[in-house]
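Enquirer: As given, the protein sequences belong to chains U and W, one line each in that order. Per my numbering, the first sequence starts with residue 57, numbered consecutively. Per my numbering, the second sequence starts with residue 604, numbered consecutively.
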Amino acid sequence: MYMLNRRSFLKRSALAVVAGAAMPTILRRGVAAAQNDSQAAASNRKVLIVVQLKGGNDGLNTIVPYTNGIYYDLRSTLAIPQAQVLPMDNEVGFHPNMAAFAPLWDEGHFAVVEGVGYPTPSYSHFVSMDYWETAVPNSINKNTTGWLGRYLEQLDVATLGAVPAMNVGRHLPPEFQSTRVSISTVDSLDAYQFQEDPRYQGISDARFGALHGLYTTPSGDPAMDQLLGGAFQSALDGSIAVKEAHAAYTPAVTYPTSNLAQDMLLLAEAIHFNKDLKVGHVALGGFDTHANQLADQGALLLQFSEAVTTFWDDIVAHGHGDEVVIMTWSEFGRRPKSNASDGTDHGSAGPMFLMGNSVVGGLYGQRPSLTNLDKGNLKFTTDFRSVYSTVLEDWLGVSAKEVLGGSFEKPLLIANSS
Amino acid sequence: MGLAATIDELINFESVDNSDLDKHIAAAGLDFELPPEMRRWWYLRMAYTKRPLQEKMTLFWHGILTSGHKKVADIPKMSAQNELFKQKGMGSYQTLLEEIGRDPAMLIWLDSRSNNKKAPNENYARELMELFTLGPGNYTEEDVRESARAFTGWGLKRKEGNPKGVFYFRDFQHDYGSKTFLGETGDFDGDDVVRIILKQPQAARYITTRLWEFYAYEDPESEVIDKLSAVFVSSGYAIRDVMRALLTSPEFYSDRAYRTQIKSPITLVVQTAKALNLTVSTKRMSNLALRMGQILFDPPDVSGWPGGAAWVNSSSILQRVNMANFIAKSLTETLTRQELVDLLLDGVLDPAMEAALDYFESETRGSSRVGVSRGLTYLMLGGPGYQRG
Chain U
57 MYMLNRRSFL KRSALAVVAG AAMPTILRRG VAAAQNDSQA AASNRKVLIV VQLKGGNDGL
117 NTIVPYTNGI YYDLRSTLAI PQAQVLPMDN EVGFHPNMAA FAPLWDEGHF AVVEGVGYPT
177 PSYSHFVSMD YWETAVPNSI NKNTTGWLGR YLEQLDVATL GAVPAMNVGR HLPPEFQSTR
237 VSISTVDSLD AYQFQEDPRY QGISDARFGA LHGLYTTPSG DPAMDQLLGG AFQSALDGSI
297 AVKEAHAAYT PAVTYPTSNL AQDMLLLAEA IHFNKDLKVG HVALGGFDTH ANQLADQGAL
357 LLQFSEAVTT FWDDIVAHGH GDEVVIMTWS EFGRRPKSNA SDGTDHGSAG PMFLMGNSVV
417 GGLYGQRPSL TNLDKGNLKF TTDFRSVYST VLEDWLGVSA KEVLGGSFEK PLLIANSS
Chain W
604 MGLAATIDEL INFESVDNSD LDKHIAAAGL DFELPPEMRR WWYLRMAYTK RPLQEKMTLF
664 WHGILTSGHK KVADIPKMSA QNELFKQKGM GSYQTLLEEI GRDPAMLIWL DSRSNNKKAP
724 NENYARELME LFTLGPGNYT EEDVRESARA FTGWGLKRKE GNPKGVFYFR DFQHDYGSKT
784 FLGETGDFDG DDVVRIILKQ PQAARYITTR LWEFYAYEDP ESEVIDKLSA VFVSSGYAIR
844 DVMRALLTSP EFYSDRAYRT QIKSPITLVV QTAKALNLTV STKRMSNLAL RMGQILFDPP
904 DVSGWPGGAA WVNSSSILQR VNMANFIAKS LTETLTRQEL VDLLLDGVLD PAMEAALDYF
964 ESETRGSSRV GVSRGLTYLM LGGPGYQRG
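1. According to the Cβ coordinates, are G793(W) and F754(W) closer than 8 Å?
2. Which residues of chain U have a Cβ atom closer than 8 Å to the Cβ of M596(W), listed in chain order?
3. Whether or not the region 707 to 716 of chain W and the region 386 to 394 of chain U are in contact is what I'm after, with contact meaning three or more pairs of Cβ atoms, one per stretch, closer than 8 Å; do they touch?
4. Under 8 Å between the Cβ atoms of M693(W) and M660(W)?
5. Helix, strand or coil: which one does DSSP assign to Y248(U)?
6. Select from W385(U), K457(U) and N315(U) the residue whose C-alpha is nearest the C-alpha of S184(U).
7. Using the rule of at least 16 other Cβ atoms within 10 Å of the residue's Cβ for burial, across every protein chain shown, is Y840(W) buried or exposed?
8. Quick check on I259(U) - is its C-beta less than 8 Å from some C-beta in chain W?
9. Compute the beta-carbon to beta-carbon distance between L899(W) and W645(W), rounded to the nearest angstrom, for a pair I have assumed lies under 8 Å.
10. In chain U, which residues lie with their C-beta within 7 Å of the C-beta of F963(W)?
11. Closer than 9 Å by beta-carbon distance: list the chain W residues that pair up with S397(U), in chain order.
12. Am I right that I678(W) and P707(W) are in contact with their C-beta atoms under 8 Å? What's the rounded C-beta distance?
13. Would you please verify whether the beta carbon of E966(W) is less than 8 Å from any beta carbon of chain U?
14. According to DSSP, is G986(W) helix, strand or coil?
15. When the Cα of G354(U) is compared with those of Q108(U), Q140(U) and S132(U), which residue comes out closest?
16. Does the region 916 to 933 of chain W come close enough to the region 242 to 254 of chain U to have 3 or more Cβ pairs within less than 8 Å?
17. With DSSP as the reference, label N223(U) as helix, strand or coil.
18. So V796(W) contacts chain U; which residues on that side make the cut at Cβ distance below 9 Å?
19. Within this structure, are the beta carbons of G336(U) and V103(U) separated by less than 8 Å?
20. Answer with yes or no whether the minimum CB distance from S295(U) to chain W is below 8 Å.
21. Give the DSSP-derived three-state secondary structure of E147(U) in the structure shown.
22. Could you work out which residues of chain W lie near T241(U), taking near to mean beta carbons separated by less than 9 Å?
23. Thinking just about the alpha-carbon of each residue, which of S837(W), K866(W) and L979(W) is nearest to the one in Y696(W)?
24. Which residues does DSSP pair with V120(U) in a beta bridge?
25. Could you say if the region 359 to 367 of chain U and the region 303 to 319 of chain U meet the contact criterion of at least three C-beta pairs nearer than 8 Å?
26. Are the CB atoms of L871(W) and A848(W) nearer to each other than 8 Å?
27. Can you pull the DSSP bridge partners for W757(W)?
28. According to DSSP, is Y311(U) helix, strand or coil?
29. What are the start and end residues of the beta strand (DSSP E) that includes I382(U)?
30. If we count the other Cβ atoms within 10 Å of its Cβ and call it buried at 16 or more, is R705(W) buried or exposed?
31. Alpha carbon to alpha carbon, how far is T345(U) from L109(U)? Give it in angstroms, no decimals.
32. Have a look at R940(W) and P739(W) and give me their C-alpha separation to the nearest angstrom.
33. Among the residues of its own chain, which have a CB less than 7 Å from the CB of V915(W), if the five just before and after it don't count?
34. Among L668(W), E701(W) and A676(W), which has the Cα closest to the Cα of N685(W)?
35. At the level of alpha carbons, what is the spacing between R813(W) and I703(W)?
36. If the cut-off is 8 Å on Cβ atoms, which residues from the region 976 to 991 of chain W count as contacting chain U, listed in chain order?
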């Protein structure tokens, strides 16, 4: 058994004591450094922001095939009327509640990949999410790491900085699952702080130092130590970073009050102040529209498009427009034929969106047929790992093969800016 | 009391007088119209019950045959489902499955109420197999479609005092045609589907594995599951029998089962409150579990809470440490280190904690004694060891 010797303990916690109440040094390497040069022009850093639409977003009512009569046959009460669709070309157009995306689309910075999926689709939320998150379809294995976790592992872990990736939400998305990198997940600004004992602040340093020591002392179970110790360190670094960034940040635009918009504001702050940030993640749930789809999905698409475009305008105004690409995904699309409860059941392929100054806007991938179906479901035409490959290689600049364990055809979605 | 007697009392909890619990709940003056009060109601049950296994089983089923207030939006229905788990959670699994299929909250949660013969809604049929009984990979998409047809017509009817209704079989919406499901063909209804599912050897393995992972540790040895599922099948799916087998398994008392799991938030707060003789604010404690990622009556999705390592992330660990701070702050008298170790850590002090307490005491010599007691409390409850159970 590992016996802790008092001297090594003290040595170990010396750093932690400094990081006690005032907790200054640790995060400085991320925050303060970025503050100095955040306005610097021609930054070549690349940040990926992932927006997950949870529950299986209905692609056909998102990018609507408004000149296809079969769509209107299949969707009877659920179809988006032709006159309301915002045309992208003479076949498809945005759901009317996504008007906020029109400027980005018109500027050529909004790409849609249609028909994204994977072979032998699963119609289970959890199984399909697992495939997208691990990027290993058709093998359920709960010990598989997430593809974004593996991306971060590709980088030099020792120099990753305090907060290389940040999720806003109560649960850590499995995409970030890693055995070596701990990711900050922030549920809200206020909650994301270590509280003190206000009556006995004089002993705060000793208290926090001892606690830090506990989280850095091996327990004989290395996996558990990495889990708990990594989460603790990430909380320590992240809580300082988020607080300082929020205090110092002035949004250039007014954010909607929706949860998603407020979550994305925290990401905008992190992008501005934390030059080490590589990946940000937010999620919007509720897309499992088995019933009452028109109202429910409509409200979600409105929230989604307004939050994302506000965030985008804000980071552009702060000079980070060239540093960020936004990617959206959902575990599956929904069945072309609506059900009898004014909803749609679990389906297969759906669209993915990419946005950013480096994104070459337009429609990508082959549009799935509405007549040549697989047991009533769309046949996918682009493997989601192709899109991941593009993002990994043409944006983040790492080998997709290392992260995804294979090679996939890459749609040329991202202009080679380097 | 010996181990055998303890297990008997745990399992045959009906014979334990639990009348004090009702008094405590009445004294709390809860407003059952509000979801936070509903969560507090269950927290109080877990904290004050003399039948701990009954509440634990209810929590287990709430994580498996789950429903969420977010979608159901009907507190009486959510608490009726909780009552079902409390009353039938140790009985026959077959009965429990038959009743959960008719449970009004579930009928809303998984859309059975809009499962009609013309266009079946597959949500319930799919999750019944994937999450309740078999696990993915043990049935086909065809089985999902066919069993969804068997459940058509199971719905709700409006009744006085039940704004969203009670279970009602909508005969005209039921598909009476022939279905082929897991290799059998006939004019099946929902109860037939349950009966056929339970004939699959995988059904016993699935649920006993879930039980073992909830009560002991993840990825159990297949021999453990062989043993438990044999008991389950031979007893006619009696949950009580399988729980007895579980609690008397040697593996349940092995090193692998000792402090190797991450405590769930609700377990953590209830255990802490009990250690402190329930002298801390119930409102605050029940809200703390929410902050740590477990909102009773509102699971993150239809698969319940992922549990295990998924309880831990930077946000939840921060909340766990902040709970320690909250408890520490509420201490207004001086307790010695040994008293605190006995109270909070069952008297067990590991070397890392010992070194941390030594260090803290040496750094705070001459400080207020209450302040030091509070600091010791913070370390014991906020440290990594306390997160494991």
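Just so it is clear, CB atoms sit at the ideal spot from N, CA and C, and this is done for glycine as well. The model shown is predicted, which means the values in this text are computed figures rather than measured ones.
Expert: In terms of the structure at hand:
1. For G793(W) and F754(W), yes; Cβs fall inside 8 Å.
2. Nothing about residue 596(W) can be reported from this structure: the residues present for chain W run from 604 to 992 only.
3. The region 386 to 394 of chain U is not in contact with the region 707 to 716 of chain W.
4. Closer than 8 Å, so yes.
5. Judged by DSSP in its simplified three-state form, Y248(U) adopts coil rather than helix or strand.
6. Residue W385(U) is the option with its Cα nearest to S184(U).
7. Y840(W) should be labelled buried.
8. Using a CB distance cut-off of 8 Å, I259(U) counts as an interface residue toward chain W.
9. The beta-carbon distance between L899(W) and W645(W), rounded to whole angstroms, is 5 Å. This is short enough to meet the 8 Å contact definition.
10. In chain order: A262, R263 and A266.
11. What S397(U) touches in chain W: D714, R716, S717, N718, N719, A722 and N724.
12. Not a contact, Cβ separation roughly 12 Å.
13. Interface with chain U (8 Å Cβ-Cβ cutoff): E966(W) is included.
14. In this structure, DSSP gives G986(W) a state outside helix and strand, which the three-state scheme calls coil.
15. With distances taken between Cα atoms, G354(U) lies closest to Q140(U).
16. Touching, per the Cβ criterion.
17. Under the three-state reduction of DSSP, N223(U) is assigned to strand.
18. Identification of chain U residues near V796(W) by a Cβ-Cβ cut-off of 9 Å yields none; the smallest Cβ-Cβ distance measures about 18 Å.
19. Their beta carbons are under 8 Å apart, which means G336(U) touches V103(U) by this criterion.
20. Output row for S295(U): interface = yes.
21. Reduced to three states, the DSSP call for E147(U) is coil.
22. The answer, in chain order, is N916, S917, S918 and S919.
23. Answer by Cα proximity: S837(W).
24. According to DSSP, residue pairing for V120(U) in a beta bridge involves G149(U).
25. Taking 8 Å as the limit for Cβ pairs, the verdict is that the region 303 to 319 of chain U does touch the region 359 to 367 of chain U.
26. No, they are not a contact pair.
27. DSSP links W757(W) through a beta bridge to F772(W).
28. Coil at Y311(U), not helix or strand.
29. Run containing I382(U): V380 to W385, per the beta strand (DSSP E) assignment.
30. It is buried - the Cβ of R705(W) has at least 16 other Cβ atoms within 10 Å.
31. Cα to Cα, L109(U) sits roughly 12 Å from T345(U).
32. The alpha-carbon atoms of R940(W) and P739(W) are separated by roughly 50 Å.
33. I865, listed in sequence order.
34. That would be L668(W), whose Cα lies nearest to the Cα of N685(W).
35. If I take the Cα positions, the gap works out to 18 Å.
36. Residues of the region 976 to 991 of chain W whose Cβ lies closer than 8 Å to any Cβ of chain U, in chain order: R977, G978, Y981, L982, G985, G986, P987, G988, Q990 and R991.
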